[in-house]
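2 protein chains.
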Amino acid sequence: MIIRTLTDARASDRNVSAPGWESARLLLKDDGMGFSFHITTIQAGAELPMHYKNHQESVYCISGEGSIEDLATGQVHDIRPGTMYALNLNDRHILRGRTEMVMACVFNPPVTGREVHDETGAYPADRAA
Amino acid sequence: MIIRTLTDARASDRNVSAPGWESARLLLKDDGMGFSFHITTIQAGAELPMHYKNHQESVYCISGEGSIEDLATGQVHDIRPGTMYALNLNDRHILRGRTEMVMACVFNPPVTGREVHDETGAYPADRAA
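Here you go:
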């Protein structure tokens with residue numbers, strides 16, 4: 001059994017950040033769960049184009065408000081507490097925070113822990129997988 | 001891209017309940033994400049012995065307070081907002097809610113959607129997997 005807290009993760013090298021967001025990775029590939037689990041904070045006003053070509057991701061909004069734009073269709077979906085989106089088709093998207101948003105994120109395959117988005121908005125594939 | 005809300009899931013057959021808990025399954029096996037994602041509410045005073053022999057599960061506490069007892073060691077760990085536990089060893093445990101707790105749960109392999117705990121505290125294996 002693994003027990004971890006957000007407070008501890010935020011104070012450790014499990015926390016990564018980049019302009020507009022930071023993410024505390026509570027579970028990573030090494031934990032052997034077959035997915036990774038992150039609590040990610042999106043800053044108010046952030047506008048983040050992303051494209052996880054190598055991962056499927058689900059995101060559940062715990063707090064805050066914003067939107068996600070599906071770049072395949074142009075549709076914009078509101079995000080509020082209780083909204084979940086899942087990028088089942090590795091969907092290219094833009095995430096926007098109207099306020100600060102706290103999100104529970106699951107990645108399959110799990111991320112290894114030190115990825116940041118590359119120039120295409122993707123996380124690199126895990127070559128060791 | 002899949003968009004779902006907790007409110008809609010709770011009002012649909014994605015919601016299942018049993019004494020002491022209810023769970024809204026926002027992602028199930030059919031969604032093809034390789035995991036399932038549930039928002040589970042544990043009632044105040046609930047005491048739930050569980051043993052997921054066929055699934056690994058991580059649980060993140062969004063709100064409320066309680067504890068988890070690891071039956072292999074006898075250790076009891078407090079659960080508060082921001083605490084995560086992961087049953088990486090299919091750990092037998094007892095979950096207790098001091099208050100109502102709202103938890104974000106991830107299962108690997110994904111559950112199919114209509115499981116309830118059997119007499120051993122497990123979800124049955126997905127024979128079609």
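Quick mapping for you: the protein sequence lines, in order, are chains A and B. 1 is the number of the first residue of the first sequence in full-length UniProt numbering; add one for each residue after it. 1 is the number of the first residue of the second sequence in full-length UniProt numbering; add one for each residue after it. Beta carbons are placed, not taken as given, at the ideal position from N, Cα and C, and that holds for glycine.
Check, Outcome
"Tell me which residues share the same chain as A/Gly80 and place their Cβ nearer than 7 angstroms to its Cβ, disregarding the 5 neighbours each side in the sequence.", "A small fix is needed here, since residue 80 of chain A is Arg in this sequence, not Gly. The residues are Cys61, Glu65."
"Give a yes or no on whether the minimum CB-CB distance between A/Asp126 and chain B is below 8 angstroms.", "no"
"Consider the Cβ of B/Ile2: report whether some Cβ of chain A lies at a distance smaller than 8 angstroms.", "yes"
"Mind listing which residues of the region 49-70 of chain B have their C-beta closer than 7 angstroms to chain A's C-betas, in chain order?", "Gln56, Ser58, Tyr60, Ile62, Asp70"
"Helix, strand or coil for B/Ala18 per DSSP?", "strand"
"Determine whether the beta carbon atoms of A/Gly113 and A/Arg25 lie at a separation below 8 angstroms.", "yes"
"If you reduce the DSSP assignment to three classes, tell me which class A/Thr40 lands in.", "strand"
"Please return the same chain residues whose Cβ sits closer than 7 angstroms to the Cβ of A/Leu71, not counting the five positions on each side in sequence.", "Arg92, His93, Ile94"
"Along the chain, where does the alpha helix (DSSP H) containing A/Arg10 start, and where does it finish?", "6-10"
"Starting from A/Leu27, find everything on chain B with Cβ-Cβ shorter than 7 angstroms and list it in chain order.", "Ser58, Ala86"
"When the Cα atoms are used, what is the spatial distance from A/Gly13 to B/Val111?", "Inspection of the sequence shows that residue 13 of chain A is occupied by Asp rather than by Gly. For A/Asp13 and B/Val111, the distance between alpha carbons rounds to 32 angstroms."
"For the putative contact between B/Ile39 and B/Met101, defined by C-beta atoms under 8 angstroms, what is the C-beta separation to the nearest angstrom?", "Between B/Met101 and B/Ile39 the Cβ distance is about 11 angstroms, and since that is not below 8 angstroms, they are no contact."
"So is B/Val76 buried or exposed if we call it buried at 16+ other beta carbons inside 10 Å?", "exposed"
"Going straight from the alpha carbon of B/Arg4 to that of A/Thr99, what length do you get?", "20 angstroms"
"Counting C-beta neighbours from all protein chains within 10 Å, is the total for B/Gly97 16 or more, i.e. buried, or is it exposed?", "buried"
"Output yes if chain B places a C-beta closer than 8 angstroms to the C-beta of A/Ala129; else output no.", "Summary for A/Ala129: the model assigns pLDDT 47, below 50, so the residue's position carries little reliability; its value from the coordinates is reported in the next sentence. No, no contact with chain B."
"Suppose you measure from the CA of B/Asn90 to the CA of A/Gly74; what does that come to, to the nearest Å?", "42 angstroms"
"Is A/Asp70 helix, strand or coil by DSSP?", "strand"
"Would you say B/Val82 reaches chain A, if we count a Cβ-Cβ gap shorter than 8 angstroms as a contact?", "According to the sequence shown, residue 82 of chain B is Gly rather than Val. Chain A contact via Cβ: present."
"Note down the Cα distance separating A/Val106 from B/Ser58, rounded to an integer number of angstroms.", "10 angstroms"
"Which of the three DSSP states is assigned to A/Asp78 in this structure?", "strand"
"Please report whether the beta-carbon of A/Leu89 lies at a distance below 8 angstroms from any beta-carbon of chain B.", "yes"
"Indicate whether at least one CB of chain B lies closer than 8 angstroms to the CB of A/Gly34.", "yes"
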